[in-house]
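Taking this note's numbering, the leading residue of the sequence shown gets 5, the next gets one more, and so forth. Just so you know, even glycine gets a beta-carbon here, dropped at the ideal spot from N, CA and C. Input: a single structure, listed below in structure tokens.
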Amino acid sequence: MEKKFSQATLCVQGGWNPKKGEPRVLPIYQSTTFKYETSEQMAKLFDLEESGYFYTRLQNPTNDAVAAKIAALEGGIGAMLTSSGQAANFYAIFNICQAGDHFVCSSTIYGGTYNLFGVTLKKLGIECTFVNADDSEEEISKAFRPNTKALFGETISNPSIDVLDIEKFARIAHKHGVPLIVDNTFATPINCRPFEWGADIITHSTTKYMDGHATCVGGVIVDSGNFDWEAQADKFPGLTQPDESYHGLTYTKAFGKMAYITKATAQLMRDLGSIQSPQNAFLLNLGLETLHLRVPRHCQNAQKVAEYLEANDKVAWVNYCGLKSSKYYKLAQKYLPNGSCGVIAFGLKGSREDAIKFMDNLKLACIVTHVADARTCVLHPASHTHRQLTDEQLIEAGVAPDLIRLSVGIEDVNDIIADIEQALAKF
Ligand SMILES: *Cc1c(COP(=O)(O)O)cnc(C)c1O
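In structure tokens, the structure reads:
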């Protein structure tokens, strides 16, 4: 029913459809547990024979309404909120990979994800091969093995602002019988809907533009329902063979197109428990109600700031896919015709110390470990978010040691530029 509405309407009204006498605004179901009349009713829930709420670690009505809104925005068939973007990406992979498995990932991804995939998952016996996303299909295909279970990339990479050729990645994934998982955090479904380009699963750190006000850490996984797990039954036994923890239920048989997202909820969330609190889901929903208004403003402001930086003598380079000089301009025009994001990467003509001095002199733009919220902020990844990476890994992750990441907010753009101008004048 919601499919016929536009993104703007879904942002405001999606997910929560109150009936007669129910609250107009999505309520916070601040309850760990839910009441039943008979023991048998409850037993059916535990056997996944009926759907319903019984314990908030598995499902909560506030969370489900917000997940439904995001699923509608992405054009998916189901979604699950997680406590963070990290949890979303972990679950997205762990839902189809186990010890002995392997997956392939673009090397230009968020530093936290790089660490999770390259270091922590390895300890669980899951190996990741990082590839240069700009390489040819043949080159990237070389990374695939018989035990490869997924391909992963970010629509717009954090912090290098590379644009992923989603169609190319989808072709490579599908040629090898695995799903394409895309982290769509920076683009948001307002600017890009990766399912329309062939992605199978989408993840987000909702902490960023979706919340948009820097109030709560959260994540989401969205399922397109398009990947045919049964056609690759040997590759995905977790979905196509009986689950002993549910009396031998098989997800693909019991839930069809909803197999992947149901398993993520019924099995991973049950066992690992990184649920988003209903309070945070409520705040996330308030953010989503204005996503369609905020995202274009972030993009318009960032475009002006990027053009200003590019024309400034003290700036060595600017990477923003909305600039014609960007290597990713053409891909951005294809996948992000209405704008990309508010994040700009640039470097100054000067030393690493000059970059730090410039940042310290900013007044309106604050130094914070965050991006993609209403307030303009700035970060030096090499000395902050990515400081655990070696120089070699930094470059592989697309992060130049002098890269300054500027997240342009939705203030008056003239004030943002004036702030940058006075800080540039001081070094
Ligand atoms: C921030 C971020 C994450 C991690 O999300 P958290 O909510 O901080 O756990 C994952 N992917 C991308 C692209 C991000 O920007």
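In this structure, arginine 197 and glycine 79 form a Cβ contact; the two beta carbons are roughly 5 Å apart against a cut-off of 8 Å. For aspartate 166, the Cβ stays outside the 7 Å cut-off from all heavy atoms of ligand 1. Taking non-hydrogen atoms of ligand 1 into account, the C-beta of threonine 394 is found less than 7 Å away from none of them. Annotation for aspartate 187 indicates a beta carbon within 7 Å of some heavy atom of ligand 1. Assignment of alanine 320 by DSSP, reduced to helix, strand and coil, places it in the strand class. The Cβ atoms of aspartate 105 and asparagine 151 lie closer than 8 Å to each other. Around the CB of valine 123, fewer than 16 other CB atoms lie within 10 Å, so the residue is classed as exposed.
Ranked by Cα distance from glutamine 11, the options Leu30, Leu49, Lys73 are led by Lys73. Residues of the same chain with a CB within less than 8 Å of the CB of cysteine 370, apart from the 5 flanking positions on each side, are Arg379, Thr380, Cys381, Val382 in chain order. Within the chosen limit of 7 Å, ligand 1 reaches the beta carbon of phenylalanine 190 through at least one heavy atom. The Cβ neighbour count for lysine 267, taken over all protein chains shown within 10 Å, is at least 16; the residue is labelled buried. Spanning the alpha carbons of valine 299 and isoleucine 194 requires a straight line of approximately 7 Å. Around the beta carbon of lysine 239, 16 or more other beta carbons sit within 10 angstroms, so the residue counts as buried. In the DSSP assignment, the residues bridged to tyrosine 59 are Thr37. The beta carbon of lysine 257 lies closer than 7 Å to none in the same chain, with the five residues before and after it left out. Pairing valine 375 with isoleucine 160, the inter-Cα distance amounts to about 13 Å. Arginine 409 sits in a strand when the DSSP states are folded into three classes. Counting along the chain, no alpha helix (DSSP H) covers valine 372, and no H or E run does either. In this structure, isoleucine 206 sits away from tyrosine 324, with a CB-CB distance that is not shorter than 8 Å. In this structure, the CA atom of alanine 177 is about 17 Å from the CA atom of asparagine 93. C-alpha of asparagine 136 to C-alpha of glycine 25: approximately 55 Å in a straight line. Counting C-beta pairs closer than 8 Å gives three or more between the stretch 285–305 and the stretch 181–195, which meets the contact rule. A Cβ-Cβ contact shorter than 8 Å links isoleucine 100 with glycine 242. Sequence-distant Cβ neighbours of tyrosine 312 in its own chain, meaning closer than 6 Å and more than five residues away, are Ile421.
Under DSSP, leucine 383 takes part in a beta bridge, and its partners are Arg409.
The residues Gly115, Gly116, Pro163, Thr373, Leu383, in chain order, have a CB closer than 8 Å to that of threonine 389 in the same chain once the five nearest residues on each side in sequence are set aside.
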